[in-house]
Every structure is written in structure tokens, then in C-alpha cells.
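Colleague:
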Amino acid sequence: NIKTYQNLVETTFDNIVSKINQEELNEIFLPKQETDATLYIIVTSDIGLCGSYNSNVINELKKVIKTSDLVITLGTKGLNWIRVSKFKDQLYKSYVNLEDKLDYSIATEIGNLNFELFAKNKISSCKIIYTKFVNNLIQEVSVKQLFPYDSSHLEIKKESEQMEGDIEFEPSAEIILQRAFPLYVSSMIYVLVSLSKVSELASRRVAMESATDNADEIINDLN
122 NIKTYQNLVE
132 TTFDNIVSKI
142 NQEELNEIFL
152 PKQETDATLY
162 IIVTSDIGLC
172 GSYNSNVINE
182 LKKVIKTSDL
192 VITLGTKGLN
202 WIRVSKFKDQ
212 LYKSYVNLED
222 KLDYSIATEI
232 GNLNFELFAK
242 NKISSCKIIY
252 TKFVNNLIQE
262 VSVKQLFPYD
272 SSHLEIKKES
282 EQMEGDIEFE
292 PSAEIILQRA
302 FPLYVSSMIY
312 VLVSLSKVSE
322 LASRRVAMES
332 ATDNADEIIN
342 DLN
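Each residue of the sequence shown is one higher than the last, beginning at 122 in the working numbering.
Given below as C-alpha cells:
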């Protein structure tokens, strides 16, 4: 279950982060970049007939993108749109003809690109725009920051529920965190793209059912 995997990844990473003091967290996560550019990863489909699934993602990108930002597109629809838009020069890389289940190696490659751009001072943050699956009738466009890691929710969690037990780290939690963070980013890309695929299939089913109902209604009116 992809949601179970997501919860496991986030909980495990949160537990590591919660054991490190704020000063050390800032050293690891707060960028000292000279740029405020963001790398946006947008998740769209390769084919149509899925209602407003693609347009909702694209409209969300339009709301937030700046001229200094870069974009990675997943799916043919996102690539086709950006190629003819005013943002075409901001396209950094594209992935098309993806399977219903994303190959984890692609998620790892995108994660590595993120850190390469950060190391070259090309970006200061990375966010993914995807479609969250709520149920078969409701899918919501969401934006999640992948980097820098946002640990603000941990304070709320600590106040509302005590994290049980102490964890001993060998080597230190700081070293483990630095090594684990690229894995966390790749895992979250994999999870969120997979959830988007579920939303895409649900959107397509609703769109096709609506088209069928409309066709039946027209046929009945003609009879």
C-alpha cells in the first residue's frame, strides 16, 4: 500500500529529525544560497480524457512560478504545455511515456538532479505539484516542499503527542540524516507520483462515465 509506505518514510525521517537540535538542523537544511529559485516538479498524464486533472496542476504552477525558477515535467501533457508557454526556457528536464507505476530509478534520478542544482547554486528549494487522491470522486492538487526539509510540524507533534522511546544512533543522528535525506527525497517523489497516478485513473474513470451518461442522454433525446 503506497499510503502505508508514505507514512513509514515520513515517520521514520521525522523520528531522526526530532533527535537533532535546531541549530544543527538549520546547518543541514537551511540553504545559504545566493538565489531564491525553486525547482518545480509537476506531475501530469501522458494521455488525455481525464477531466481537469492536468489543467489543475498546470494552473497551480502558473500561480507560483517565478522567472528564475526551473521546471521538471512528468507526463506528455505537462511537456506539451510548457513548450508553447512563456515558461518554455525554464524547462530543465522532462519525462514522458511513464508507466502506471513509476520506475524508482527515475525518482532517484530526479532527486539527484535536485541536489546537483542546489550544489551549483541554481536553486534554493524544490517543490512537487501533484494530485492527491482523496476518494474516487475527489482528487486535490497539492504542493509539497521536498527541500529544504520543513521540520516546523514536529513542534506541533511534540506538543500534541509525545514521541515514544529514545533512539540511539550509530553513527550520529546528524550523519545518518545527511545520508538519509537524498533517500527521503527520492522516496517522496516516488510516493507522490504514484498517488498522482491513482488520481489520474480516478479522474479518467469519472470523465468517461460522465461522457457515457451524456451520450446516453443525447440518444434518449433523439429517440
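Idealized CB from N, CA, C, for every residue including glycine.
Less than 7 Å between the beta carbons of residue 314 and residue 164, yes or no?
Modeller: Yes, the Cβ-Cβ distance between residue 314 and residue 164 is below 7 Å.
Colleague: My assumption, with CB atoms under 8 Å, is that residue 232 sits in contact with residue 217. Please give the rounded CB distance.
Modeller: Contact flag wrong, Cβ pair sits at about 19 Å.
Colleague: Touching or not, the region 134-146 and the region 314-332, by the rule of three or more beta carbon pairs under 8 Å?
Modeller: These segments do not touch.
Colleague: So, helix, strand or coil for residue 186, using DSSP?
Modeller: Here residue 186 sits in coil by DSSP.
Colleague: Distance check for residue 245 and residue 239, CA to CA, integer angstroms please.
Modeller: Their Cα atoms are separated by approximately 6 Å.
Colleague: Of all the CB atoms in chain D, is at least one closer than 7 Å to the CB of residue 306?
Modeller: The structure shown has no chain D; it contains just one protein chain.
Colleague: Answer with buried or exposed for residue 336, where buried requires no fewer than 16 other C-beta atoms within 10 angstroms of its C-beta.
Modeller: Exposed: under 16 other Cβ atoms inside 10 Å.
Colleague: Using the three-state DSSP reduction, which class does residue 208 fall into: helix, strand or coil?
Modeller: Three-state DSSP puts residue 208 in coil, outside helix and strand.
Colleague: Using 8 Å as the Cβ pair cut-off and three pairs as the minimum, do the region 203-218 and the region 125-136 touch?
Modeller: These segments do not touch.
Colleague: Taking residue 165 as part of the beta strand (DSSP E), name the residues at either end of that continuous run.
Modeller: Run containing residue 165: none; DSSP gives neither H nor E here.
Colleague: When the distance is taken between beta carbons, is residue 150 closer than 7 Å to residue 303?
Modeller: Their beta carbons are not under 7 Å apart, which means residue 303 does not touch residue 150 by this criterion.
Colleague: Tell me the rounded alpha-carbon separation between residue 242 and residue 262.
Modeller: Rounded to whole angstroms, residue 242 to residue 262 spans 29 Å at the Cα level.
Colleague: Determine, using beta carbons only, whether residue 137 and residue 298 come nearer to each other than 7 Å.
Modeller: The answer is yes: Cβ separation under 7 Å.
Colleague: When you compare the CB positions of residue 249 and residue 162, do they come within less than 7 Å of one another, or not?
Modeller: Going by C-beta atoms, residue 249 is nearer than 7 Å to residue 162.
Colleague: At what residues does the beta strand (DSSP E) containing residue 253 begin and finish?
Modeller: Element bounds for residue 253: 246-254.
Colleague: To which residues of the same chain is residue 203 closer than 7 Å at the C-beta, ignoring the five residues directly before and after it?
Modeller: Same-chain partners within the cutoff: 192, 194, 209 and 212.
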